[in-house]
Amino acid sequence: NHQRGDDTTMSVTFSYQDQSKVPQDVGGVTLPSAGSNWSFSQWSVTYNQQTIIKPTLLNQIRLFYGEELEPTTSIIPARKLVVLDAFTGGGAQNDQLRTEHHVTLIEMLTWSKGRHTLKAGVNIPDWSRRRFDDNTNTRGTFYFSSLDAYATSRPYSFIQQVGNGHVTFLEKVVGGFVQDEIRVSPRLSASLGLRYDWQNYFHDDNNVGPRASFAFAPRADGKTVIRGGAGIFYDRTGPRPIQDLIRYNGVQQIKYVVTDPGYPDPFPPGQGPATEPPGIVQLAPNVQLPSTFLYSASVERQVAKATVASITYTGTRGYHQFLSRDINAPPPPLYLHRPDPTSGVVREIESRGKLVGQSLQVTLRGQLTRYLNTSAQYTLSQTSERYVGDQLDAPECLRPLTRIWPCGLRSAAPPRPLRDAESRAVAQFRPRAGRVLGPTLLHDDGSRRFQHGRWQRPPTGCSPQQLERPGLRGPGSSLVARIVPRPGPEGIGPDADPGG
């Protein structure tokens, strides 16, 4: 940190991270030969500056620059073999390299006068140069429906990727915001805000999201606080769909799907991948960036001198959620021929998904005894997804959606709505700072998930595999760590006001 005069404070932070896993993605039904070696390194530098222009006007700047390098290499260079419900062998076919150079910027002005605190600024969440070298599946992958089919050399599909997998592009994400925090009375405060978001490649320029919130203390003692808020938030696509749009254009990199191929040579004599129609990725004409409407209400009560209990309800409504489908899929009832025989899979990215969710969270945090702080939280949530339209085939969020059933390549029937319910309990106990040397205990009983619905239904004539999603229980965990507690800066640390 550096103080320049009485009005300006500056700081520079540097970080470095390095990880590796050799091998990864092996075990269970995946044989060691189908594993890959993975490594990741990242470094970044962050500059912060805060300047008091005048007593009522504050300027804050945060500038970040970072680089990432993530190579992945297969253990052996060989074709991949996937035998359903049995094993995955051969090579991993997972050779790729990802490098990224990121710049982010936040500049904000804060102006205070009377009951109002006005904040406005420009935000660049990400301005990045991304490089991706995709050499995955260049030798191809055979799919077998069973061990018997493998023993008799009868694969039902062969998928191979050919062409130039090198992609370099500039991703630009820019936003602007304004917010007014109003202290209406000693017991009531409110906040009104507006944010604009923009991203390149997706031509959707009207993403304005209003937001509002309030906090109200019904009694003068302030022991009970009622909070609420709502707002519209726009999502970002991330790099993957942009990469796919650039490389799967029917020329640069092509993914071929061959049904009922030969084995070990999938192509008839004198033929190769180039004789198969290419697959492409494209945007729907009316695609929009996903938006989410979030709203919440909570009641917080101080139940003891340093202990607070709260209950919070949160609702979620997602609109224009991304999904993609093969708009050139073979139609029923025979599923034999594509409408456009000159193209393979035509994967179109659309914004026709809808998301509805709600959660209830109960929290207790504070000082259990004079020597022990505690926090406990229980969450119950439910999420439902559905897709707008009657002719939707094989929806899935931004992934290749052609399904390969044991009887061949088919489009999927329209899915039923998907509903997830989840409950989770977490508790933590730790010694108070400056009081005692002792252990910190964190217990998580794992999430319980109850999922209903189907991703899709196999077409007539296929193996009647039931794809119902059963109830699941996530892993629980308990952690005990011995720490030396110490007081932190004012208002920060274990002894900070639990109601803050």
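Quick note, the sequence shown lines up with residues 3 to 502 if you use my numbering.
By construction, the Cβ of each residue, glycine as well, lies at the ideal position given by its N, Cα and C atoms.
Please read all numbers here as calculations on a predicted model, not as lab measurements.
K82 versus L291 - alpha carbon distance | Cα-Cα distance, rounded: 36 Å.
According to the Cβ coordinates, are L382 and S353 closer than 8 Å?
-> In terms of Cβ geometry, L382 and S353 do not form a close pair [threshold 8 Å].
Rounded distance between the beta-carbons of L190 and A232, thought under 8 Å | Rounded to whole angstroms, the Cβ separation of A232 and L190 is 17 Å, and the two are not in contact under 8 Å.
Name the two residues that bound the continuous alpha helix (DSSP H) containing Q245.
-> Following the DSSP letters along the chain, one finds Q245 inside the alpha helix (DSSP H) bounded by residues 241 to 249.
Counting pairs of beta carbons, one from the stretch 296 to 310 and one from the stretch 208 to 227, are three or more of them closer than 8 Å?
-> With a cut-off of 8 Å, the stretch 208 to 227 and the stretch 296 to 310 count as touching, because enough Cβ pairs lie within range.
6 Å Cβ shell around L196 - same chain, five flanking residues per side excluded = Contacts found: V180, P212.
Whose C-alpha, out of T316, G359, I282, is nearest the C-alpha of I329?
-> Closest option to I329, Cα to Cα, is I282.
Locate the alpha helix (DSSP H) running through A151, then write down its first and last residues.
-> Counting along the chain, the alpha helix (DSSP H) containing A151 begins and ends at 149 to 153.
In angstroms with no decimal places, state the Cα-to-Cα distance between V85 and V259.
-> Each residue's Cα considered, the two are about 17 Å apart.
Should the stretch 305 to 316 be called in touch with the stretch 365 to 377, which here means at least 3 C-beta pairs below 8 Å?
-> Under the 8 Å Cβ criterion, the stretch 305 to 316 counts as touching the stretch 365 to 377, having at least three qualifying pairs.
Are the CB atoms of Q255 and Q379 nearer to each other than 8 Å?
-> In terms of Cβ geometry, Q255 and Q379 do not form a close pair [threshold 8 Å].
Classification of Q323 by the beta-carbon crowding that lies within 10 angstroms, buried from 16 upward = Buried, because 16 or more other Cβ atoms sit within 10 Å of the Cβ of Q323.
Going by DSSP, which residues form a beta bridge with Q98?
-> Paired residues: T74, D136.
Which residue from L120, I55, Q44 puts its Cα closest to that of P73?
-> Nearest C-alpha to P73: Q44.
Which class does S41 belong to by DSSP, given the choice of helix, strand or coil?
-> It is a strand residue.
Closest Cα partner of T344 within the set P280, G355, A299, G317 = Nearest option by C-alpha distance: P280.
Since L111 contacts G92 with CB under 8 Å, what's their CB separation in whole angstroms?
-> In fact, because the Cβ distance is near 59 Å, the residues do not count as touching under 8 Å.
Given V38 as reference, the closest of A80, Q201, V175, F216 once Cα atoms are compared | According to the sequence provided, residue 38 is Ser. The question's Val does not apply to it. The residue with the shortest Cα to Cα distance from S38 is A80.
If we count the other Cβ atoms within 10 Å of its Cβ and call it buried at 16 or more, is R6 buried or exposed?
-> Exposed.
Compute the distance between the beta-carbons of L1 and G320, then report whether it is under 8 Å.
-> Nothing in the structure corresponds to residue 1, since the chain is present only between 3 and 502.
Assigned secondary structure, S13 (DSSP; H/G/I helix, E/B strand, else coil) | Of the three classes helix, strand and coil, the one that applies to S13 here is strand, per DSSP.
Taking DSSP as the reference, what is the three-state secondary structure of A311?
-> In the structure shown, A311 sits in a strand (DSSP, three-state: E or B).
Residues in its own chain within less than 7 Å of E278 by CB, not counting five upstream and five downstream?
-> So the qualifying residues of the chain are Y258, V260, G346.
Please confirm if the stretch 122 to 140 is in contact with the stretch 151 to 171, defined as three or more CB-CB distances below 8 Å between the two stretches.
-> Cβ pair count under 8 Å is three or more, so yes.
Identified DSSP bridge partners for H118 | For H118, the beta-bridge partners assigned by DSSP are K115, I184.
At what residues does the beta strand (DSSP E) containing F235 begin and finish?
-> Looking at the DSSP string, the run of the beta strand (DSSP E) that includes F235 is 226 to 236.
DSSP three-state assignment for S345, whether helix, strand or coil | Coil, per DSSP.
Residue from Q62, A153, S147, H118 with nearest C-alpha to E109 = That would be Q62, whose Cα lies nearest to the Cα of E109.
For P280, the three-state DSSP class (helix, strand or coil) = Coil, per DSSP.
Considering only C-alpha positions, which residue in the set P266, K23, F204, S215 is nearest to D237?
-> Cα-wise, what sits closest to D237 is F204.
Counting only the same chain and skipping the five closest in sequence on each side, list residues whose C-beta sits under 6 Å from that of Y18.
-> Cβ neighbours of Y18 within its own chain (closer than 6 Å, five residues either side excluded): W45.
By Cβ distance below 6 Å, which residues in the same chain neighbour Y265 in space, the five residues on each side in sequence not counted?
-> Setting aside the 5 residues that flank it on each side, Y265 is surrounded in the same chain by S155, P157, each with a C-beta closer than 6 Å to its C-beta; the list follows chain order.
Going along the chain, which residues of its own chain have a beta-carbon closer than 6 Å to the beta-carbon of L247, five neighbours each way excluded?
-> Contacts found: V283.
Roughly how far, in whole angstroms, is the beta-carbon of G178 from the beta-carbon of N125, given that I think they are within contact range, below 8 Å?
-> Indeed, because the Cβ distance is near 7 Å, the residues count as touching under 8 Å.
By Cβ distance, which residues of its chain are closer than 8 Å to E69, with the 5 residues on each side in sequence left out?
-> Excluding sequence positions up to five before and after E69, its CB lies within less than 8 Å of the CB of Q44, W45, S46, T101, E102, H103, H104, all in the same chain and listed in chain order.
Leaving out five residues on either side along the sequence, give the residues of the same chain with a beta carbon under 7 Å from the beta carbon of G410.
-> Here the model assigns G410 a pLDDT of 33, short of 50, so the residue's position is not dependable and the matter cannot be decided.
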